[in-house]
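Visitor: Mapped onto full-length UniProt numbering, the consecutive letters of the sequence shown carry residue numbers 1 to 239.
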Amino acid sequence: MSGLSSVFPPPPKYYKYFTAENLEKLSSFEDAENKVDELPQPLPYLVPPKPPADTFYRSFGNIWHPGQSDLQSLEDAGIKQLYNPITSSSDRIWELKKLLKSLLVNYIELTGIMSVTPEKFPEKVEDIRIILINMHHLLNEYRPHQSRESLALLMEEQISERRKQIDTLRTSNKEVKEKIKQMAKQFDDVLQPDTVESESTTNENGYFDESSYDPEDLRDKKNKQHDLDLIAKLEQAEI
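(1) For L138, is the classification buried or exposed, using 16 other Cβ atoms within 10 angstroms of its Cβ as the cut-off for buried?
(2) Would L46 pass as a contact of L74 if the rule is Cβ separation under 8 Å?
(3) Taking the DSSP output, what are the residues bridged to W64?
(4) Quick check: the region 122-131 against the region 97-114, are there 3 or more CB pairs under 8 Å?
(5) Less than 8 Å between the CB atoms is what I'm expecting for I133 and F121, so what's the real figure, rounded?
(6) Determine the extent of the alpha helix (DSSP H) in which T111 is found, giving its start and end residues.
(7) Measuring straight from C-alpha to C-alpha, what distance separates D189 and M183?
(8) Report the CB separation of K124 from E141 in whole angstroms; it is logged as a contact under 8 Å.
(9) So, using beta-carbon positions, are P48 and Y17 closer together than 8 Å?
(10) Starting from I133, trace the alpha helix (DSSP H) in both directions and tell me its first and last residue.
(11) Just the Cα atoms here: how many angstroms apart are P144 and L153?
(12) For A77, does the three-state DSSP call read helix, strand or coil?
(13) Return the first residue and the last residue of the alpha helix (DSSP H) that S27 is part of.
(14) Could you check how far apart the C-beta atoms of V99 and M135 are, in whole angstroms? I think they sit under 8 Å.
(15) Out of curiosity, what's the CA-to-CA distance linking D91 and R163?
(16) Buried or exposed, going by whether 16 or more other CB atoms sit within 10 Å of the CB of residue 241?
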């Protein structure tokens with residue numbers, strides 16, 4: 001920090017006036033925006049400024065119109081238009097090529113003037129400036145097209161990303177189904193001996209005789225049957 005000549009400026013001092021108490025006081029005044037001079041201090045700091053009355057403003061040495069949505073023509077900007085009226089995209093490309101060739105020719109002429117009569121260079125520099133402004137204006141006409149293409153590219157990327165997510169979910173769903181089937185098969189293999197044994201544990205009336213089973217074996221059998229029922233429900237839900 002010691003090597004910095006200046007730091008980021010602090011916020012203005014009147015930011016301390018924006019408190020809930022002052023805002024409540026300001027709300028008690030009717031038409032406060034038109035009576036700023038009559039408000040007690042520090043309430044005038046809380047009133048937002050009015051929008052500029054002028055229809056233009058200056059920025060970076062140029063005049064800008066807030067309500068202007070279209071690109072300003074060269075004639076309105078006071079610049080001579082060197083290219084013919086544009087009717088198609090191919091015309092714009094052709095005019096840009098012509099301006100580029102004119103720019104190179106003028107640059108070569110400028111180098112010759114600087115070596116012979118340097119005092120005449122301002123006129124040639126002005127010609128180069130006009131050519132560059134015309135080229136810049138033609139390129140700016142591509143801005144709406146660039147915006148549309150950028151938006152289309154962004155939407156395509158979002159669609160591609162969502163398709164990848166869907167494919168990932170489908171793959172995961174398929175893997176889960178395969179694991180459930182494997183688990184169900186393993187349970188069937190484990191319970192197969194118990195099924196054979198159960199056939200020999202029926203009473204004379206053909207009913208299952210729980211008394212012939214050890215209590216722990218009977219409890220394990222019921223737990224396994226419960227797990228199989230749960231897996232069957234899961235498979236049914238997936239389907």
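Even for Gly, the Cβ is constructed at its ideal location relative to N, Cα and C. The model shown is predicted, which means the values in this text are computed figures rather than measured ones.
Guide: According to the structure data:
(1) buried
(2) no
(3) Y57
(4) yes
(5) Going by Cβ atoms, the distance from I133 to F121 rounds to 18 Å, so no, they are not a contact pair.
(6) 89-116
(7) 10 Å
(8) With 8 Å as the limit, K124 and E141 do not qualify as a contact, their Cβ atoms being about 27 Å apart.
(9) no
(10) 121-140
(11) 14 Å
(12) coil
(13) 20-27
(14) For the record, residue 99 in the displayed sequence is Leu; it is not Val. So it is a contact: roughly 5 Å between Cβ atoms.
(15) 40 Å
(16) Because residue 241 is not part of the residues shown, which for the chain are 1 to 239, the question remains open.
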